[in-house]
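To start, the structure itself, in structure tokens.
Chains as they are written, first to last, in the numbering used here: chain A, 1432 to 1677; chain B, 4 to 337.
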């Protein structure tokens, strides 16, 4: 456990070793604001809720989170420190989890810094803070899912750009499979079961369910399972690469 | 302390390490020699548990690295090739991280860091990002990382690669200081290093051991072993040739470097005791009254053994006149 925290702390500090982390957070907050106010027309809606704020998170995360996760393993491979890390007497699970939680903590920080939106909505109206809290939780779960996918794909390569691109593509597929646009195409000919199965694999479906204000255990189980599966896959990939010597 | 048993590593069809077995005891420094791509690094990666062997295993202090990697790695300090570290950390943060991850408590960690920093002389750069350090300092940071927990077994992949002569000397000194109580494996392709710090040496080529023994025993396998080398003014060469032809049961090679010429006289045929040959040459020098610049009885040349064993072609003519110094290897003349 202490080894896990040591890894997490080192990784987390690693994000802030360059000004890039601050640039990232600022751009993320700006993009969030732009999406909410212009695309989401938050003011014009005249509703005291944050629907138009959370609505864009899946699409923003699609580009922002692979940028966080791409370095997790690819960078270690590139600079050779993976050899140091994997020959320390630390279980692989502590390394994989430590790295993952550092990335999650960093995105949680970025998400937490959107609090002015929450203050504004409370200042301007009387929103349902329970729903907002649930939505924040859902948003964090969504981020966790993207990061787990990104962690797994980052372990495949030593090139961060490749890690970023394939993570965006994979996250996109896992998101778009629940978008009405895609589901409608299937709905016209495929049986209901198939469409439902497809939708149930989408992070979007489960995210929407939570931001609707209903925390259903099944949605939480989905996210936790998805994260677990991809973290185990990360461990398997890192371990397999040990045999290849890459 | 380190037992390597029938280690094999294959990458697809390519066999990088082929059935390697050896042991290193506490107090020994094993020098791992071999041309690039001979399998030195691959072997070290398997011993330290970074690579999974195709077959065979290694034991660190009796613990199997494949069956129980964490326990084995606890006993181990490893300096990977190129001394990788996290460039954004300072040496202090880096060493602090290593002591934490290795589970040293606060007091022990402080003591361990002070000791490691002292041995590698990192005092001046402790709070600079590793990124900004020179190659020599980075290598020493890697070394400090490997020794900080005072392991019984040390594996170092080219610890002095890319260092200037002073830094090389310092790193060698640090290794010598620790050698008495540890089993150490270093890989290198600097042959003088083997002479300087290793108690044992092993030459590997294409994944197999081609020679093993103490550095002097290995050097004795050189064709120069027992030869007598004398250094003369080049002007005297023609006169010397005439006289040297007269020594029975010997032949000689000539290497000219500018105004200096080195003549190596080999005992030939019936191997006369080397001291006899030395005495004969000394007598000649006295007779002819040559101003000899240097005279030595060769104890063998490691580079020569290395070259022969690792199948690099080498000129082996009876008498070679080399006008240019560039392609003449520096011999280990005693």
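For every residue, glycine included, the Cβ atom is placed at its ideal position computed from N, Cα and C.
- Contact between residue 1606/A and residue 1633/A holds: their C-beta atoms lie close to 6 Å from each other, under 8 Å.
- Bounds of any alpha helix (DSSP H) do not take in residue 302/B, whose DSSP letter is neither H nor E.
- When secondary structure is reduced to three states using DSSP, residue 38/B falls in the coil class, being assigned neither helix nor strand.
- Judged by DSSP in its simplified three-state form, residue 136/B adopts coil rather than helix or strand.
- Residue 1439/A is a Cβ neighbour of residue 1529/A, given a cutoff of 9 Å.
- Fully enclosed alpha helix (DSSP H) runs of no fewer than 4 residues occupy 72–77, 94–104 of the segment 59–119 of chain B, in order along the chain.
- Remark: fewer than three beta-carbon pairs, one from each stretch, lie closer than 8 Å, so the segment 49–56 of chain B and the segment 1474–1487 of chain A are not flagged as touching.
- Taking the C-beta atoms as reference points, residue 82/B is found no nearer than 9 Å to residue 36/B.
- Legend: CB atoms of the segment 1501–1517 of chain A lying less than 7 Å from CB atoms of chain B belong to residues 1510, 1511, 1512, 1514, 1515, 1517.
- Cβ-Cβ separation between residue 1537/A and residue 1443/A: approximately 6 Å, consistent with a contact (criterion under 8 Å).
- The C-beta distance from residue 1541/A to residue 1456/A rounds to 5 Å, short enough to fall under 8 Å.
- In this structure residue 1671/A is exposed. Its beta-carbon is surrounded by fewer than 16 other beta-carbon atoms within 10 angstroms.
- Of all C-beta pairs linking the segment 190–203 of chain B to the segment 131–138 of chain B, fewer than three are shorter than 8 Å, placing the two stretches out of contact.
- About 24 Å separates the beta carbon of residue 20/B from that of residue 200/B, a gap too long to meet the 8 Å contact definition.
- With a threshold of 16 other beta carbon atoms within 10 Å, residue 1641/A meets it and is buried.
- Taking 9 Å as the CB threshold, residue 1445/A lines the interface with chain B.
- For residue 1537/A, the enclosing alpha helix (DSSP H) stretches over residues 1523–1543.
- Nearest to residue 71/B by C-alpha distance, out of 1518/A, 1619/A, 1512/A, 1481/A, is 1518/A.
- The Cβ atoms of residue 1644/A and residue 1511/A lie no closer than 9 Å to each other.
- Close CB contacts of residue 78/B within its chain, under the 8 Å cut and outside five residues either way in sequence, are with 63, 64, 66, 154, 155, 156 (chain order).
- At a cut-off of 9 Å, the C-beta of residue 81/B has a neighbouring C-beta in chain A.
- Close to chain A, meaning a Cβ-Cβ distance shorter than 7 Å, are the following residues of the segment 54–81 of chain B: 54, 55, 73, 76, 77, 81.
- With its beta carbon less than 9 Å from one in chain B, residue 1519/A belongs to the interface.
- Against chain B, the CB of residue 1582/A has no partner CB under 9 Å away; the residue lies outside that interface.
- Considering only beta carbons, the part of the segment 82–94 of chain B lying closer than 7 Å to chain A consists of 83, 85, 87, 88, 89, 90, 91, in chain order.
- If one requires a minimum length of 4 residues, the alpha helix (DSSP H) runs lying completely within the segment 195–241 of chain B are 218–222, in chain order.
- For the 9 Å CB-CB criterion, residue 1587/A and residue 1668/A form a contact.
- The way I'd put it, the segment 206–222 of chain B does touch the segment 298–313 of chain B; three or more beta-carbon pairs between them come closer than 8 Å.
- The beta carbons of residue 257/B and residue 250/B sit about 14 Å from each other, so the pair does not count as a contact at 8 Å.
- Taking 9 Å as the CB threshold, residue 1522/A lines the interface with chain B.
- For residue 286/B and residue 122/B, the gap between their C-alpha atoms comes out near 50 Å.
- In this structure residue 109/B is exposed. Its beta-carbon is surrounded by fewer than 16 other beta-carbon atoms within 10 angstroms.
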